[in-house]
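Chains A and B are the protein sequences, given in the same order.
For the first sequence, this note's numbering assigns the number 1 to the initial residue and increments by one for each residue that follows.
For the second sequence, this note's numbering assigns the number 1001 to the initial residue and increments by one for each residue that follows.
All C-beta atoms, glycine included, are put in the ideal place defined by N, C-alpha and C.
All of these numbers come straight from a predicted model, not from anything done at the bench.
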Amino acid sequence: MTIVSGKAEARRTLQSARSDVLRKMWEHRADYAYVLPAIAVMLIVIAYPIYYTIELSFFNTPPGLQLRDKIFVGFNNYGAILTSGVFWQVTFNTLIWTVASTFFSFALGFAAALALHRDFIGRGVLRAILIIPWVISAVAASYIWKWIYHSDFGIIGAVLVELGWASRPPNFIDSVSTVLPSLIVVNIWREFPFAMIMMTAGLQTVPEQLLRAAKVDGANAWQRFWHVTFPHLRNVSTVTILLLAVANFNSFIIPWIMTGGGPSNASHIWITHIYELAFGRQRWGVASAYSVLLFIILMTLGYFYVRALSGNERKDGGA
Amino acid sequence: MRRITVGGAVLRGAVSTALTISLMSASALAAPPVDLSKWSPEYVRSIAGTQDFDTAGDCAKVTPLDYKGRLTFWYQGVFEGDPDLLRQYYKDFFATFRKTYPNIQLEEQALTYNDLLDKFRTALLGNAAPMAVRLQILGGTEFASKGYLQPLKPEDVGYSTEDFWPGAMKAVTWDGVTYGIPTNNETMAFIWNADIFKRAGLDPNKPPATWDDVVKYSKQIHDKLGIAGYGLVARKNAGNTPYRFMPQLWAYGGGVFDEAKANPTYKEIELNSPQSKAALQASYDMYVRDKSVPVSALTNQQADNQPLFLAGQLGMMISHPSDYNVMLDLQKKATGADKDKAQTVIDNMRYGLIPTGPDGKRAVVFGGSNIHILKPEYVEGGKVDEPAAKAIICMWTSPEWSLKMAYAGSNPGNLNGFKTKWMKERLDSIKFLDVTTSMLPYGIPFPALPQSPEIMNIIIPDMLQNALTGAMTVDQAAEDAAKKVKDLMGGGL
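Okay, here's the thing in structure tokens:
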């Protein structure tokens, strides 16, 4: 008897929950109607390409055949990727590129935000100047840096030789050991203003009265930063780092224009390698398999990004 | 300035004979408009300006001049390394076409050598290709083998197959069917700075005879003057790299396959042969051992060597005769002392035949471009206006325009171009032109295979970069490249 009433109770709860959901959906029908066009567009320009990329990752596309004549090879493309030496080299490069670019861009951006947080004459001009790398075209920046780094007649090399600090121009982008760090420097130069803007916005949310109270209580500058400012910036920092990480994982312009992934694959990261596989070598299948793996990684990062945002909203709501 | 006597050199050497025969297929022996067996600078001079052609009249027989239609057209156009003179001829061509065919709505798009293949492939995947395309010689076979191109032979636009270089016709033929028409064909030459040679203790009027000499001279120039000796280029995905390395590879007796032979079969891979390794070793010796070439060779292309040469910082390079005009253009832009310095370099610029290998083999890439018509199903809108496409193809491949569009840097695809008055004019105005026409008999076409673009644009530069950066030894780099070619030919992933 108890069991039967328990089941009935559960059914009633379920029905009530369902009707509650339906009721809420009905109440928000206008909202759904508003987002419907966006969802339809997303399905066309995002969902279908994702589906097609996944499908293509199970096919071989030799250069002598059209894409429509592709050959089904199951998981062979994934196997080929994971057993290829280039994959591990490119993955290692991508990790170095992403971690170093993200860390230093954030650190530099945060430092710049802190330095420019205090009011002083010329602060606005300085902020505007520091934002320049972020607003100029990445393509233009890549070409400029290519000439700055040029191994035979680059500006840096010429200055060093002129000052007598080097007998010949340093080799920045034509050496397997220096090319990636050199490109990372360019990437940091381009990205740190973004971190600076985000952290500047975050700093403006730190309550002034808390800082004053801490000062009255005898806290020194470091203590005020660590115990008052930094906790308030934790969420914006997380979001900034995640956005930088996703952007760096997806980088293409700087390495492609400056080195094309060379020399000897030393500056190939995932995206440039995928591009070369697809458009240079027409290995659409292998390139798609790479893209699927990249998609999984980025979705994971995206999950954490959304979670961080939701956390912010909950905290903001709670406050 | 001393004019280089190269006619005698052209006629010497067994290799040149063999390669001339290779370029003259059986069909070409039928009735070519010029006698290829007599090919020499003197012969070219003797036929220049001997015949007049009526381009509009000839093309009117293919497509009436009042024809109304629409044409989308992509072409490999001029780029930063080309002289202003060529830019003007491109402008003139499209202006003349519009004047000749006022009712054809032409939508043309110029792309650089390095971008065209990628963009064209992408457009084909989306059935958004143009109706007609002018591609680099390397691309014809790839797209013909995949079935994107319509059969198209010179006879379809009023010319004869024999009017074109037989070697060039091979590059537009797949499975016995012709899918395009050559617009221009080129062979490069060896360029050196006589003043640098003199200052380095070398004979200023004598270019290196062999590739081993190039290595030696490059080192001597670098050691004595502290500048780069030879303009090595090893950038990936850039046409300049195979155009400069393949002559070296072939001269040493190597090759990707047997493409340097009179009747290549493309069956055996020869990239890891001792001869191919010797050629790679020569590049290694210059870049790594002697450090006598630009360090930036791995990320640079020929357009980057040009300012180095003009600045007197580079002793030798391989390029077109148009580089002389490029130097003149660059010199005009220079100011102050740089202008005089550039003039000194131009005055000391010398052209000669590309050096031979240890066994006396001389080789150069038989390059150029072809023009094609796409099948309607791959074209945006699903329709091809064939008369309009044939009209532009007829004009571009005419004796007049195939010469004008190759005025400074190349040779007309249509052999009748050599007979025009413009050929006579350019022989007088384009310095060193006869040196590069002299190289034509030594020209070797890239393997006529759909895999050639990947081999030439990616595998060969990768091999060079692997050896030159020390990522692999010369042996390993050659073996690695041979394996990649084998995998590619086997349809591997």
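Residues of chain A with CB closer than 7 angstroms to the CB of residue i, please, in chain order.
| i | result |
| --- | --- |
| A1471(B) | V176 and S264 |
| L1450(B) | A quick correction: the sequence has Pro, not Leu, at residue 1450(B). P63 and G64, listed in chain order. |
| E1454(B) | P63 and R281 |
| N1237(B) | G260 and G280 |
| Q1465(B) | G262, P263 and S264 |
| L1125(B) | L67 |
Whose Cβ in chain B lies nearer than 8 angstroms to the Cβ of residue i?
| i | result |
| --- | --- |
| L279(A) | According to the sequence shown, residue 279(A) is Phe rather than Leu. Chain B residues near F279(A): D1118, R1121 and T1122. |
Could you tell me which chain A residues have their CB closer than 9 angstroms to the CB of residue i, listed as they occur along the chain?
| i | result |
| --- | --- |
| G1315(B) | Simply none; closest approach about 14 angstroms. |
| S1145(B) | P63, G64 and L65 |
| E1142(B) | P63, G64 and Q282 |
| L1139(B) | A quick correction: the sequence has Gly, not Leu, at residue 1139(B). What G1139(B) touches in chain A: nothing, since even the nearest Cβ is about 12 angstroms away. |
| G1491(B) | N60, P62, P63, G64, L65 and I71 |
| L1330(B) | Residues of chain A passing the Cβ test: none, with the nearest at roughly 14 angstroms. |
| L1308(B) | D152 and F153 |
Write down the C-beta distance between residue i and residue j rounded to the nearest angstrom, noting that I regard them as a contact closer than 8 angstroms.
| i | j | result |
| --- | --- | --- |
| A1171(B) | N1370(B) | 7 angstroms |
| H117(A) | T205(A) | Contact doesn't hold; Cβ gap of about 12 angstroms is too wide. |
| I1444(B) | E1268(B) | Not a contact, Cβ separation roughly 16 angstroms. |
| W97(A) | N248(A) | 6 angstroms |
| I1354(B) | F1190(B) | 5 angstroms |
| Y1243(B) | M1327(B) | Wrong, their Cβ atoms sit about 19 angstroms apart, outside the cutoff. |
| W1192(B) | M1316(B) | 5 angstroms |
| D1212(B) | P1358(B) | 6 angstroms |
| P351(A) | S151(A) | The requested residue 351(A) does not occur in the structure, where chain A is confined to residues 1 to 319. |
| R1350(B) | Y1442(B) | Not quite, the Cβ-Cβ distance comes to about 19 angstroms (not below 8 angstroms), so this is no contact. |
Please classify residue i: is it buried, with 16 or more other beta-carbons within 10 angstroms of its beta-carbon, or exposed?
| i | result |
| --- | --- |
| H227(A) | exposed |
| P63(A) | buried |
| W1250(B) | buried |
| V1010(B) | Here V1010(B) scores only 39 on pLDDT, less than 50, and its place in the model should not be relied on; the value that follows carries that caveat. So V1010(B) counts as buried. |
| G1253(B) | buried |
| Y149(A) | buried |
| G285(A) | buried |
| R18(A) | exposed |
| S1037(B) | exposed |
| V1365(B) | buried |
| E276(A) | buried |
| F230(A) | exposed |
| W1165(B) | buried |
| R123(A) | exposed |
| I1227(B) | buried |
| L130(A) | buried |
| K1484(B) | buried |
If the cut is a Cβ gap below 8 angstroms, which residues of chain A does residue i touch?
| i | result |
| --- | --- |
| I1458(B) | E276, G280 and R281 |
| L1280(B) | The premise fails here: L1280(B) is roughly 14 angstroms from chain A at the closest Cβ pair, so nothing lies under 8 angstroms. |
Starting from residue i, find everything on chain B with Cβ-Cβ shorter than 7 angstroms and list it in chain order.
| i | result |
| --- | --- |
| S151(A) | V1295 and S1296 |
| I173(A) | T1299 |
Is the segment 51-67 of chain A touching the segment 277-293 of chain A, taking contact as three or more C-beta pairs under 8 angstroms?
yes
For the segment 1422-1435 of chain B against the segment 1401-1413 of chain B, do three or more pairs of beta-carbon atoms, one drawn from each stretch, fall closer than 8 angstroms, so that the two count as touching?
yes
Three or more beta-carbon pairs under 8 angstroms between the segment 1038-1048 of chain B and the segment 1426-1442 of chain B, yes or no?
yes
Inside the segment 174-210 of chain A only - alpha helix (DSSP H) runs reaching at least 4 residues
179-203
Segments assigned beta strand (DSSP E), at least 3 residues, entirely inside the segment 1203-1253 of chain B
1228-1230
The segment 1463-1472 of chain B contacting the segment 57-75 of chain A, beta-carbon criterion three pairs below 8 angstroms:
no
Decide yes or no for the touch test of the segment 1087-1107 of chain B against the segment 1057-1072 of chain B: beta carbon pairs closer than 8 angstroms, at least 3 of them.
yes
Sufficient close CB pairs (3 or more, under 8 angstroms) joining the segment 168-181 of chain A to the segment 258-272 of chain A
yes
So, do the segment 1172-1191 of chain B and the segment 1140-1154 of chain B have three or more beta carbon pairs nearer to each other than 8 angstroms?
yes
Are there three or more Cβ pairs, one per stretch, closer than 8 angstroms when the segment 1056-1063 of chain B is compared with the segment 1110-1117 of chain B?
no
Taking contact to mean 3 or more Cβ pairs, one atom from each stretch, closer than 8 angstroms, check whether the segment 1222-1236 of chain B and the segment 1298-1307 of chain B are in contact.
yes
Measuring CB atoms only, is the segment 178-189 of chain A touching the segment 102-118 of chain A, in the sense that at least three cross pairs come out at less than 8 angstroms?
yes
The segment 1474-1489 of chain B contacting the segment 1451-1460 of chain B, beta-carbon criterion three pairs below 8 angstroms
yes
Three CB pairs or more closer than 8 angstroms across the segment 1134-1142 of chain B and the segment 1159-1173 of chain B
yes
Cβ pair count under 8 angstroms reaching 3, the segment 14-24 of chain A against the segment 33-53 of chain A:
no
Quick check: the segment 1319-1327 of chain B against the segment 1398-1410 of chain B, are at least 3 beta-carbon pairs closer than 8 angstroms?
yes
Measuring CB atoms only, is the segment 1467-1479 of chain B touching the segment 1384-1400 of chain B, in the sense that at least three cross pairs come out at less than 8 angstroms?
no
Could you pull out every unbroken beta strand (DSSP E) segment of at least 3 residues lying fully inside the segment 1096-1121 of chain B, listed in chain order?
1104-1111
Alpha helix (DSSP H) segments (min. 4 residues) lying fully within the segment 60-113 of chain A:
76-82
Check whether the segment 1081-1094 of chain B touches the segment 1369-1383 of chain B, counting contact only when three or more Cβ pairs, one atom from each stretch, lie closer than 8 angstroms.
no
I'd like the ranges of any alpha helix (DSSP H) spanning at least 4 consecutive residues and lying wholly in the segment 1415-1479 of chain B.
1421-1429, 1433-1439 and 1460-1468
Does the segment 1264-1283 of chain B come into contact with the segment 1202-1221 of chain B, if we say contact requires no fewer than three beta-carbon pairs (one atom in each stretch) closer than 8 angstroms?
yes
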